[in-house]
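A.B. asks: Residue numbers (this note's numbering): 10 to 378. Beta carbons are placed, not taken as given, at the ideal position from N, Cα and C, and that holds for glycine.
1) Please check the pair residue 332 and residue 367, which I expect to be a contact at CB under 8 Å, by giving their CB distance rounded to whole angstroms.
2) Give the DSSP bridge partners of residue 322, in chain order.
3) Span of the alpha helix (DSSP H) holding residue 35?
4) With residue 294 as the anchor, note down where its beta strand (DSSP E) starts and where it stops.
5) To the nearest whole angstrom, what separates the beta carbons of residue 228 and residue 168, a pair I think is in contact under 8 Å?
6) Could you give the residue range of the beta strand (DSSP E) that holds residue 188?
7) Can you tell me whether residue 83 is buried or exposed? The criterion is at least 16 other CB atoms within 10 Å of its CB, across all chains shown.
8) Taking the C-alpha atoms as reference points, what is the distance between residue 288 and residue 300?
9) Please determine if the region 160 to 176 and the region 21 to 30 are in contact, where contact requires at least 3 C-beta pairs separated by less than 8 Å.
10) Rounded to the nearest angstrom, how far is the Cβ of residue 247 from that of residue 259, given a contact under 8 Å?
11) Do the region 305 to 325 and the region 274 to 292 touch if we need at least three Cβ pairs shorter than 8 Å?
12) So the beta strand (DSSP E) residue 17 belongs to, where does it begin and stop?
13) May I have the straight-line CA-CA distance separating residue 346 from residue 270, to the nearest angstrom?
14) Relative to the alpha-carbon of residue 46, which residue among 53, 40, 52, 36 has its alpha-carbon at the smallest distance?
15) Whether or not the region 115 to 123 and the region 148 to 160 are in contact is what I'm after, with contact meaning three or more pairs of Cβ atoms, one per stretch, closer than 8 Å; do they touch?
16) Which one of 376, 286, 365, 16 has the shortest CA to CA distance from residue 185?
17) How about residue 42 and residue 160: do their beta carbons lie closer than 8 Å?
18) Verify whether the separation of the beta carbon atoms of residue 274 and residue 309 is less than 8 Å.
19) Verify whether the separation of the beta carbon atoms of residue 355 and residue 265 is less than 8 Å.
20) Is it right to say residue 19 is buried, meaning 16 or more other beta carbons lie within 10 angstroms of its own, or is it exposed?
21) Can you give me the start and stop residues for the alpha helix (DSSP H) that residue 256 sits inside?
22) Determine the closest residue to residue 249 out of 38, 44, 369, with distance taken between C-alpha atoms.
23) Would you check if the distance between the CB atom of residue 335 and the CB atom of residue 364 is smaller than 8 Å?
24) Measuring only the C-alpha atoms, how far is residue 330 from residue 372?
25) Taking the alpha helix (DSSP H) that residue 339 falls in, what are its first and last residues?
26) Can you tell me where the alpha helix (DSSP H) holding residue 310 begins and where it ends?
27) Please classify residue 255 as buried or exposed, where buried requires at least 16 other C-beta atoms within 10 Å of its C-beta.
28) Output yes or no for whether 8 Å exceeds the beta carbon distance between residue 34 and residue 22.
29) Near residue 150, what residues of its chain come up, given a Cβ to Cβ distance below 6 Å and the 5 sequence neighbours on each side ignored?
30) Using the beta-carbon count (16 or more within 10 Å), is residue 353 buried or exposed?
31) For residue 340, does the count of other Cβ atoms within 10 angstroms reach 16, so buried, or fall short, so exposed?
32) Compute every distance between the C-beta of residue 289 and the non-hydrogen atoms of the ligand PLP, then say whether any falls below 7 Å.
33) Check for me: the alpha helix (DSSP H) holding residue 143 runs from which residue to which?
34) With distances taken between CB atoms, is the gap from residue 128 to residue 14 smaller than 8 Å?
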């Protein structure tokens, strides 16, 4: 069947962890997309997972937020946990015991309109013609990556789950091209509600469907509603928040160098935005840029001490000298990581995250125009 200039497509993307939200269609607008993007998450597990005595107890569902005390719980399947507030899924046994996400994972059905490139040919036509092969998997990977990462960033913003991380290369299970009008698709609860007809498809990675079923969710209702509302309203987490979440995720997987660097990059962007926000009234943008780049003002310690005091009458060290000294020693660690390939301890990387977050807090709370 010939393709139109614009076709509705579905791309099924596998995440190596579980998102704990209902399997329903979430719609959101994205820059340069005329129609809303649709994403349907399904938490999937296999018979291998449900048949394991270690993993099958994950069927427990928390309908409300509960407090998990530190130490050993009175169950043998979850093991040692740190003190935290959240759902029973917060320890994320899927990721701990199955980091590749092979036995348990979230499958995202991403729906969007695709402007069909002139060089693209359906499989049957491509087989008949000679010439350069069109890589449909690479094309769809490029298209879905920003949609999926936006979905992930907002999920992290609402839930605070530190095991969630952005993806760099989508693992695509299925590509369906030439579906009916997506307005009709949106009336379904999930993409599996009906046998969808489409013009043709590709199956880059087929896992097989035997023994796979949607699993239960455990996020509180208010969290899910907040996520959906922010998604539909077009909310975008700030760049510094995304980097902070990336730093938390890096520390969770014991990548201490990356965690420290992303944490400081997050702070640098936050401080830059802070100055522009505070000075945009009395100063023009080019004047602010000149102020932030003249002499050594581009350096983060200068911006938090001398420059801050000259512009607002007090510096971080004036507000909390102990915090300043602790932060400054961590900034030296950051420089050693960058220039000397230093490997900090996990405790130091965790402290870096805490002190950088505290610097942000006191800038907002203590500095006035």
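C.D. replies: Answer, in terms of the structure:
1) Between residue 332 and residue 367, the beta carbon gap of about 6 Å places them in contact (Cβ cut-off 8 Å).
2) None; residue 322 has no bridge partner.
3) From DSSP, residue 35 is part of no alpha helix (DSSP H) but of the beta strand (DSSP E) over 35 to 37.
4) From DSSP, residue 294 is part of no beta strand (DSSP E) but of the alpha helix (DSSP H) over 294 to 302.
5) Sure, about 7 Å apart at Cβ, within 8 Å.
6) DSSP places residue 188 in the uninterrupted beta strand (DSSP E) bounded by 180 to 188.
7) Below a pLDDT of 50, predicted positions are generally treated as unreliable, and residue 83, at 32, falls in that range; the measurement from the model is reported next regardless. That one is exposed.
8) Each residue's Cα considered, the two are about 10 Å apart.
9) Contact between the region 160 to 176 and the region 21 to 30 is present, because at least three Cβ pairs lie under 8 Å.
10) In fact, because the Cβ distance is near 18 Å, the residues do not count as touching under 8 Å.
11) Flag = yes, the region 305 to 325 and the region 274 to 292 touch.
12) First-last of the beta strand (DSSP E) with residue 17: 15 to 24.
13) Roughly 8 Å separates the two Cα atoms.
14) For residue 46, the closest C-alpha among the options 53, 40, 52, 36 is that of 36.
15) The answer is yes - the region 115 to 123 touches the region 148 to 160, with three or more Cβ pairs under 8 Å.
16) The shortest C-alpha separation from residue 185 is found at 16.
17) Cβ distance not < 8 Å, so residue 42 and residue 160 don't count as in contact.
18) No, these two residues do not count as a Cβ contact at 8 Å.
19) In contact: residue 355 and residue 265 (Cβ atoms closer than 8 Å).
20) Classification of residue 19: buried, given that the 10 Å Cβ count is 16 or more.
21) Residue 256 -> alpha helix (DSSP H) spans 248 to 261.
22) Residue 369 holds the alpha-carbon nearest to the alpha-carbon of residue 249 among 38, 44, 369.
23) At the C-beta level, residue 335 and residue 364 come within 8 Å of one another.
24) Going by the C-alpha atoms only, they are around 14 Å apart.
25) First-last of the alpha helix (DSSP H) with residue 339: 330 to 349.
26) Start and end: 309 to 313.
27) Under this definition residue 255 is a buried residue.
28) Residue 34 is not a Cβ neighbour of residue 22, given a cutoff of 8 Å.
29) Closer than 6 Å at Cβ, skipping near neighbours: 179.
30) Its Cβ being crowded by 16 or more others within 10 Å, residue 353 is buried.
31) Answer is buried; the Cβ neighbour count reaches 16.
32) In terms of ligand content, the structure shown is empty, and the ligand PLP therefore cannot be addressed.
33) First-last for residue 143: undefined, no H or E at that position.
34) At the C-beta level, residue 128 and residue 14 stay beyond 8 Å of one another.
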